[in-house]
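So the sequence shown is numbered by the numbering used here: it starts at 3 and just counts up by one.
A virtual CB, placed ideally from N, CA and C, is assigned to each residue, including glycine.
Remember, it's a predicted structure, so these values are computed and weren't measured experimentally.
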Amino acid sequence: MVALALGLGPREGVAAAAGAAPDAGESAAARTGVAAGRSPGPAAPTLAEGDPRAACLAAHADAPARYRGLVRALCSEAAGLEVVGASLAIVERGSPPRVITWGHTRAGGPPIAAGTGFRIGSLTKILTAALALALVDDGLLGLDAPLSAVLPELAEGVDDRLTEVTLRQLLTHSGGLAELWPGDVVDGETWLRALGERELLAAPGALWSYANVGYAVIGAAIERASGERWAALLERRLLRPLGLAHTSADPEVSLRTGAALGHLGRGDGAPALDVAEDFAIGARGAAWTIPAGGVIASSADVATLALALVDPGRSPLSPASIEVLTTATLPTHERPGEGQAAGLRVTPRAGGSALLRASGDTGDFAADLVLAPSEGVAIVVLGNSGDHLRATLAAGLHDLLGVGAPVLSEGPAAALDHYVGDYAIGDLEGVLAVREGGDGLTIAAPILGPAPIALEPLGDHRFRAGALGPLTFVLLGEGGAAEFLRSRAWVAARLE
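See the structure below:
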């Protein structure tokens, strides 16, 4: 568990589970072209035949002029990264979705269609946030009431502060929860009690710290408060009213309707997993993880849903709940000016408007959403090779919304001595020692090996620490020292 806490990010899917065995992810469905009773589609050329970029451009030659830069970006980036399949959807208020596709549902398989489903990972959290806020509107849940009133298991844990955690805090990743992975729980029915055996990483409401398990807890609260299964409520409250026919929380249903397979790597030779295998391996088949990252959807469905949720004329939510969904309540300390709302990150723009963002990453699928409520525009990019198509998303931001790349500080945003110190992760033995020496900072701990690891500045208060990945120092006060050191999987507090 210590190695996991210190070495891995919060993969929602199969990358960590399947990466140790390169062939473990290759399913019978991938080899034969048949998945869960679905007949193979017509023979399709592989990416190696002809010029896939030219074929992609030709397939979308009828795109409106304002989308042609997006078409070029998707076709070029997907070809360069050897992405197996991708789907880009643009929804503008009052217009039907425009979908631009690339590649195949599996290497050498049928082409991606407008309705092809992809695992969307943490974009699922937007749906869970919307369901929770719908129950707030119904008076079944309270935003600022302790969730232990609905989930009494939270009052049985070792940390009394867990009883104080509220729905608003979990929606904004500020509940202070330590991550819980499916592999940590022997009995899937007792996962809430397993969560209670862990100390909080920080006091509830004190600090933004991304936690998949927080949305699993929200999912459990939704089911207890409504008396209805999360997936059934999703169908009844969101999918049917909005006419979303290509979204499901059931991998087997998605397979029967032609969902894309995920790929652990790039190109035709990448091991493939169908979405049922992905769930069985990456989430150990644990149903409690679905509200945090278990939905399969088409790009058009995701974009349509996102835009509808923030449109007062179409949203199933009250104006007050729309405000909770779209208004940041605390900074993430990840990007300049970025804050966290309910399931969405918020970046303010000139003139008082904002960009809302979310992403998902299961290792074999990647998903990104950008939403501009003031312009009524949603852009969604999904891929089944695990690569985020960042240049494509940047092209969409530039061409449709006039947004350029964020300006980051070239080096650390504070003097190095603001970061130097000893940091501890909960009750784990040993400390993370951040020291200044040579040309910059290093981090050392017994669990990391005998040699200190150099911290490479990434701009602002972020650094890369070798295999540990990105680290963020959180400075809460003006001009003071960092109080927390955060990775994708843990939070360490400064020791006095």
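Setting aside the 5 residues that flank it on each side, Ile292 is surrounded in the same chain by Ala251, each with a C-beta closer than 6 Å to its C-beta; the list follows chain order.
Note that the C-beta distance between His248 and Ser300 is below 7 Å. The beta-carbon separation of Leu149 and Leu169, rounded to 6 Å, stays under the 8 Å limit for a contact. Annotated as proximal: Gly295 and Gly123, with beta-carbon spacing under 7 Å.
Pro154 and Ala491 have their C-alpha atoms some 26 Å from each other. Put simply, of Leu418, Ala204, Val433 and Ala417 the residue whose alpha carbon is nearest the alpha carbon of Asp424 is Val433. DSSP lists Pro113 as the bridge partner or partners of His106.
Beyond the five residues adjoining it in sequence on each side, Pro54 comes within less than 6 Å, by CB distance, of Ala81 in the same chain, given in chain order. Measuring C-alpha to C-alpha distances from Val422 to each of Ala446, Leu403, Leu399 and Gly428 identifies Ala446 as the nearest. For Ser387, the secondary structure class from DSSP, reduced to helix, strand or coil, is coil.
Counting only runs of at least 3 residues, the stretch 418-489 fully encloses the following beta strand (DSSP E) elements, listed from N- to C-terminal order: 423-426, 434-439, 442-446, 455-461, 464-466, 472-476 and 486-488. Below 8 Å, too few C-beta pairs join the stretch 136-149 and the stretch 396-404 to call them touching: fewer than three. The DSSP-derived three-state label of Phe367 is coil. Along the stretch 228-254, the alpha helix (DSSP H) occurs as fully enclosed runs of 4 or more residues at 232-236, listed in sequence order. When rounded, the separation of the alpha-carbon atoms in Leu430 and Val219 is 24 Å.
Membership of Val348 in the beta strand (DSSP E) is indicated by the continuous run Arg347 to Pro350. Only residues of its own chain outside the window of five on either side were considered, and among them none has a CB closer than 6 Å to the CB of Gly439. In the three-state reduction of the DSSP assignment, His400 falls in the helix class, which pools H, G and I. One alpha carbon belongs to Gly468, the other to Leu235, and they sit about 43 Å apart. Between His420 and Ala484, the beta carbon gap of about 6 Å places them in contact (Cβ cut-off 8 Å). In this structure, Val93 keeps its C-beta atom at 7 Å or more from the C-beta atom of Leu357. For Ser320, no alpha helix (DSSP H) encloses it, and the DSSP letter there is neither H nor E. By the beta-carbon neighbour count (other beta carbons within 10 angstroms, threshold 16), Glu225 is buried.
In the DSSP assignment, no residue is bridged to Phe281. Excluding residues up to 5 positions away in sequence, Ser176 and Gly178 lie with their Cβ nearer than 8 Å to the Cβ of Ala208 in the same chain. By the Cβ rule, the stretch 90-106 counts as touching the stretch 64-82, because three or more pairs are nearer than 8 Å. Under the DSSP definition of a beta bridge, Thr168 partners with Pro148. If you ignore the 5 residues before and after Leu83, its C-beta comes within less than 8 Å of the C-beta of Arg268, Ser387, Asp389 and Leu391, all in its own chain and listed in chain order.
Exclusion of the five residues before and after Asp303 leaves Leu246, His248 and Thr249 as the residues of its chain whose Cβ lies within less than 7 Å of its Cβ.
Here Arg68 is exposed: its Cβ has fewer than 16 other Cβ atoms, across all protein chains shown, within 10 Å.
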